[in-house]
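All residue numbers for the sequence shown refer to the working numbering, where the first residue is 9 and numbers rise by one.
For glycine and all other residues, C-beta sits at the position ideal for the given N, C-alpha and C.
As the structure is a computational prediction, the values presented were derived from the model and not from experiment.
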Amino acid sequence: KLLNLTKRITDLLSITKLLTVFETYESENEAVRSFSASAKV
């Protein structure tokens, strides 16, 4: 899980196709909530 990426890092991860590997989030709250959501699956 990656949080609050800059445009440059987002572009780099996109070019290298790593955005398909990592979950990215805009806010810390959203990222923290994703842990409980994935535990329910």
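First and last residue of the alpha helix (DSSP H) that includes T18?
K15 to I23
In angstroms, rounded to a whole number, what distance separates the CA positions of S44 and N37?
11 Å
According to DSSP, T32 sits in a beta bridge with which residue or residues?
L10
How many Å lie between L27 and E34 at the Cα?
14 Å
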